[in-house]
Amino acid sequence: MSKVFLAGLLAASAAGALTMPVAAQGATLGPSAALCNSNATAVLVDVRGFKQRTGTLRVQIYAATSTYLEKRKWLDRVDVPVTRAGNMQVCVPVKGPGSYVISVRHDMNANGKSDRSDGAGLSGNPDMKVTDFIFKRKPKLATVSFAVGGATRRVPIVLNYVNGLSFDPVE
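Quick note on numbering: the sequence shown equals residues 421 to 591 in our numbering.
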């Protein structure tokens, strides 16, 4: 590469003339990965903080209404095997712009059931207590909801695991 070309490339990038799809930073997983890779209207869920690299990861998206997290009220669900290392970036399709909530569960033994050893997280990464799960208390909608426009929206989620009476990240 010539110095002139490289300088022009850097200048164009700094000026915002070059835009990289939101998923260009790592491998995108899920059946709708192409949507995120082309920066279409979708959600790229960036999951980190795995306790172990086993099992499956389930990502569910809900409309940002009072029915979020209720059984079978999700709009779409993506299940993928846990990768060997790094953050996992899972693409979830949406019908269009709007407000949504993401729920993630790390099923460490891949049995399809919620066990005490499994990890979980929500968009907005709210502080949760074990008693919140026992009494089925949901975080405030304003804390966990986010807007999606006409392009892919990246949503970071840190997994939490039961540790005694706490529900905390491993990191």
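Glycine residues also receive a C-beta, built at the ideal position from the N, C-alpha and C atoms.
Residue i and residue j closer than 8 Å at C-beta
i            : j              : result
glycine 450  : valine 514     : no
arginine 536 : valine 582     : yes
leucine 479  : valine 465     : First, the amino acid is wrong: residue 479 is valine here, not leucine. Their beta carbons are under 8 Å apart, which means valine 479 touches valine 465 by this criterion.
valine 550   : lysine 471     : no
leucine 542  : isoleucine 522 : yes
serine 565   : alanine 484    : yes
tyrosine 482 : lysine 491     : no
For residue i: DSSP bridge partner residues
i                 : result
valine 463        : Val512, Arg573
threonine 448     : Gln509
serine 586        : Asn583
phenylalanine 566 : Tyr520
valine 500        : Leu477
alanine 483       : Tyr520
arginine 468      : Val578
Closest Cα partner of residue i within the set the options
i                 : options                        : result
proline 576       : Ala462, Val467, Tyr488, Val521 : Val467
glycine 570       : Thr448, Ala453, Asn459, Ala447 : Asn459
glycine 544       : Asn529, Ser519, Arg497         : Ser519
glycine 506       : Thr448, Val498, Arg573, Ser586 : Thr448
serine 363        : Thr485, Met548, Lys558, Val564 : Residue 363 lies beyond the residue range present for the chain, which begins at 421 and ends at 591; the question has no answer from this structure.
phenylalanine 553 : Ala540, Gly532, Val564, Asp499 : Ala540
threonine 476     : Asn457, Arg504, Ala530         : Ala530
aspartate 499     : Arg573, Val590, Lys533         : Lys533
alanine 454       : Thr474, Lys560, Thr572         : Thr572
Any chain B beta carbon closer than 8 Å to residue i
i             : result
threonine 485 : This model lacks chain B altogether, as it is built from one protein chain only.
**Report entry** In chain order, each alpha helix (DSSP H) run of at least 4 residues that lies wholly inside the segment 504-557
**Finding:** 550-554
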